[in-house]
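Residue numbers (this note's numbering), protein chains in the order written: chain A, 98 to 267; chain B, 2 to 118; chain C, 16 to 522.
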């Protein structure tokens, strides 16, 4: 359970309820992007989701600049401490039910370890519902992340084994 | 302005068919590393751990622990691991469970060697 | 290229500064002479201030370094100055190009430029000011009190935008000061994205540091990493094998092409030409796939390394894919330039006057779109990677359209350069020679001159570093460009035409 600097719990709605809500939005989901200190390449891949090669609209996903319309916050970057206010405000400004998808290795705790300058991972500041690895995650990986988030695709990584010698690798 | 429309239509559809298929070009994307447990030794694993700049590799006793969430696909472990490490081709790794991104590979190379393999 | 020797004491007026032999020359200068020397360099030798930064010296003093580019003589001059008080001689009263750097030095080291009353916050966020780590070793810096709150009075008010903005645009706070429609003034706060990269690199070995240098400004990854690696190579006296130099050139030009295509797409987005945006994005996506086929990464991470390159290009794939993509790009650009609704929005928008471009020492397409013919590939060549010499593309008008024309012309030139280098591109790198030393590196990234300075200790680890992506130089021109005749809706157009990154500034 993530807490903000005031010690207040951040998600007021349980994980299960959030997941069910996401499934309700499965055919029409509005996404707001939040940058917490990325190198700008994840943003480039996110912008391409609306481009002809990927066209997220055909899957029922839409970008919105307005926090009030957003159902899902797509967050990049290692949660630099300089971005504390902007992350919490973006989260608070989005009405429930909402969810957070953390995108990229920085957002998942790689690249920048936690220190006095950065938190190092989004889930140290906000409750994260879906994690999308990659540096950057390609638009295909981002689409998979969105479809997993709304329950239209099964997750694959759980069954994946990195042991190449194991008998029946996932 | 009409020429934009006609030119575009003539060029056809560029959109990916994902999720029904994954585009062939995507096979070249950086992907999760896979490890031959039988070729992993503790000295090699310790070198791999030291080499990973994103902190995705750690060693816990006789296991290599790989955090796919932290992995950037930089390929340093592939270059250093020569033969013990190979690309899996897996890059669709999204999950709602952060723990599902933590994978363990047993380090069996030492035992194989000492077992007279 | 051997490392510069120990700085020699300066005498005379300025003529003695410029021995002809070296491509880079370092001079130790007395504090009292710094300002007048800088003035002489700028006025009599046509020097361009490329960077100004500080570093902790050996005995508790602070060393101030100013880097001047003598583009006509293909040389960089580094003036080093020891500061043992709380104040240092300002350059910004004579050279406005130094102001942002002086503010940054104050923030990080606590030393003020003499006589400069008003300083701006650059990278340290206000809500954490006192607890934020600094590069300097001085304790107890209390900066929060030193910044005047900016106050907008009279009939004007400040309209805040951001820092969280439109989909896929980086966090950046813009305060638009206006009485209604016209933009009177513009404040930009970049500090929301400060990651403290210069901190992180200290103590690392160059190869590990490259991983972070690549991610300072991901869209200029090759350019910035090349500048960093060249600094390391100069510090260690290492030579890069010729095939690697050619590979570096190929990667750099591929990076330039995709960035310029992305800028064209962004300009279409901001002028509201959705169909132009879509077609430009098709080109951009094809270019990124070409990058993937060529070098194994859509954004060309992991190519340049200290001493050479980690990968060689798949020349066959580049030759197969790139010509068709460029044909499509030309097709799109031709259509854009006859689409009046688009061209009208770009013409006369966001004018950076040649005077401002020179005064603020701008770099890259922003400078070249305002008539400044500077390009470090031509002006400061480093070896086989810089031959053939690129033709520098310049436009006089200084508006968004001029910047677009420069970018389009640079894409053609980049294609020609890739063709020239591809046949000789190969893999490999020289292991770095050991020992310590300092070095300066530069490269013409898609956004302009990227600089890096590095100092290595006896074990070959970094004990001082300065990364200066091109965005550090160019954002300061943004408020001038946005003022006066422009209206609110022009601001995104200007931002797209500049095509900088916040990450590159905030590091």
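Yeah, the Cβ is synthetic: ideal placement off N, Cα and C, and Gly gets one too.
How close, in whole Å, do the beta carbons of residue i and residue j come, if the pair is a contact with beta carbons under 8 Å?
{"i": "residue 117 of chain C", "j": "residue 139 of chain C", "result": "At roughly 15 Å, the Cβ-Cβ gap does not stay under 8 Å, so residue 117 of chain C and residue 139 of chain C are not in contact."}
{"i": "residue 224 of chain C", "j": "residue 192 of chain C", "result": "The Cβ separation is near 40 Å, so there is no contact."}
{"i": "residue 71 of chain B", "j": "residue 202 of chain A", "result": "6 Å"}
{"i": "residue 36 of chain B", "j": "residue 95 of chain B", "result": "Their Cβ separation, rounded to whole angstroms, is 22 Å, which puts residue 36 of chain B and residue 95 of chain B out of contact at 8 Å."}
{"i": "residue 297 of chain C", "j": "residue 15 of chain B", "result": "6 Å"}
Just to confirm my understanding: we take residue i, look at its own chain, exclude 5 residues before and 5 after, and list those with CB closer than 7 Å. What are they?
{"i": "residue 68 of chain B", "result": "57, 102 and 103"}
{"i": "residue 113 of chain C", "result": "64, 67, 106 and 107"}
{"i": "residue 515 of chain C", "result": "462, 486, 489 and 490"}
{"i": "residue 76 of chain A", "result": "Chain A is shown from 98 up to 267; residue 76 of chain A falls before or after that span and cannot be answered."}
{"i": "residue 329 of chain C", "result": "308 and 309"}
Give the DSSP-derived three-state secondary structure of residue i in the structure shown.
{"i": "residue 59 of chain B", "result": "strand"}
{"i": "residue 96 of chain C", "result": "strand"}
{"i": "residue 346 of chain C", "result": "helix"}
{"i": "residue 68 of chain C", "result": "strand"}
{"i": "residue 316 of chain C", "result": "coil"}
{"i": "residue 186 of chain C", "result": "coil"}
{"i": "residue 395 of chain C", "result": "coil"}
{"i": "residue 200 of chain A", "result": "strand"}
{"i": "residue 190 of chain A", "result": "helix"}
{"i": "residue 503 of chain C", "result": "coil"}
{"i": "residue 142 of chain A", "result": "helix"}
{"i": "residue 130 of chain A", "result": "strand"}
{"i": "residue 40 of chain C", "result": "strand"}
{"i": "residue 470 of chain C", "result": "strand"}
{"i": "residue 29 of chain B", "result": "helix"}
{"i": "residue 456 of chain C", "result": "strand"}
{"i": "residue 77 of chain C", "result": "strand"}
{"i": "residue 135 of chain A", "result": "coil"}
{"i": "residue 86 of chain C", "result": "helix"}
{"i": "residue 258 of chain C", "result": "helix"}
Using a Cβ-Cβ cut-off of 7 Å, state whether residue i counts as contacting chain A.
{"i": "residue 211 of chain C", "result": "yes"}
{"i": "residue 539 of chain C", "result": "In the structure as shown, chain C begins at 16 and stops at 522. Residue 539 of chain C is therefore absent and cannot be evaluated."}
{"i": "residue 507 of chain C", "result": "no"}
{"i": "residue 51 of chain B", "result": "no"}
{"i": "residue 36 of chain C", "result": "Here the model assigns residue 36 of chain C a pLDDT of 44, short of 50, so the residue's position is not dependable and the matter cannot be decided."}
{"i": "residue 230 of chain C", "result": "yes"}
{"i": "residue 22 of chain B", "result": "no"}
Nearest chain C C-beta to residue i closer than 7 Å, yes or no?
{"i": "residue 143 of chain A", "result": "yes"}
{"i": "residue 25 of chain B", "result": "no"}
{"i": "residue 78 of chain B", "result": "no"}
{"i": "residue 95 of chain B", "result": "no"}
{"i": "residue 180 of chain A", "result": "yes"}
{"i": "residue 173 of chain A", "result": "no"}
{"i": "residue 75 of chain B", "result": "yes"}
Would residue i pass as an interface residue toward chain B - the criterion being a Cβ-Cβ separation below 7 Å?
{"i": "residue 14 of chain C", "result": "This structure cannot speak to residue 14 of chain C, because chain C is shown only from 16 to 522."}
{"i": "residue 150 of chain A", "result": "yes"}
{"i": "residue 317 of chain C", "result": "yes"}
{"i": "residue 503 of chain C", "result": "no"}
{"i": "residue 229 of chain A", "result": "yes"}
{"i": "residue 98 of chain C", "result": "no"}
Just to confirm my understanding: we take residue i, look at its own chain, exclude 5 residues before and 5 after, and list those with CB closer than 6 Å. What are they?
{"i": "residue 88 of chain B", "result": "32"}
{"i": "residue 416 of chain C", "result": "361 and 362"}
{"i": "residue 430 of chain C", "result": "341"}
{"i": "residue 249 of chain A", "result": "123"}
{"i": "residue 332 of chain C", "result": "308 and 309"}
{"i": "residue 257 of chain C", "result": "399"}
{"i": "residue 495 of chain C", "result": "371"}
{"i": "residue 433 of chain C", "result": "265 and 268"}
{"i": "residue 244 of chain C", "result": "319 and 321"}
Skipping 5 residues on each side, what residues in its chain have a beta carbon closer than 8 Å to that of residue i?
{"i": "residue 227 of chain C", "result": "212, 215, 216 and 219"}
{"i": "residue 472 of chain C", "result": "451 and 478"}
{"i": "residue 27 of chain C", "result": "Confidence at residue 27 of chain C is low in this model, with a pLDDT of 38, below 50, so the placement of that residue should be treated as unreliable; the coordinate-derived value is given next. So no residue of the chain qualifies."}
{"i": "residue 72 of chain C", "result": "78 and 97"}
{"i": "residue 521 of chain C", "result": "138, 205, 206, 207, 208, 209 and 210"}
Measuring only from the beta carbon, is residue i closer than 6 Å to any heavy atom that is part of the ligand COA?
{"i": "residue 118 of chain A", "result": "Annotation note on the ligand COA: not contained in the displayed structure, which lists no ligands."}
*Where are the beta strand (DSSP E) runs, 3 residues long or more, that stay fully inside the region 44-106 of chain B, in chain order?*
Here the runs fully enclosed are 58-61, 64-68 and 86-88.
*Those runs of the alpha helix (DSSP H) which lie wholly inside the region 335-387 of chain C and span at least 4 residues*: Counting only unbroken stretches of 4 or more residues, the alpha helix (DSSP H) elements lying wholly within the region 335-387 of chain C are 355-361, 369-374 and 379-383, in sequence order.
*Any chance you could list the alpha helix (DSSP H) runs of at least 4 consecutive residues sitting entirely within the region 169-247 of chain C, in chain order?*
Complete alpha helix (DSSP H) runs here, min 4: 212-216 and 221-229.
*Enumerate, from N- to C-terminal direction, the unbroken alpha helix (DSSP H) stretches of 4 or more residues contained entirely within the region 260-339 of chain C.*
Entirely contained in the region 260-339 of chain C, the alpha helix (DSSP H) runs reaching 4 residues are, in chain order, 289-310.
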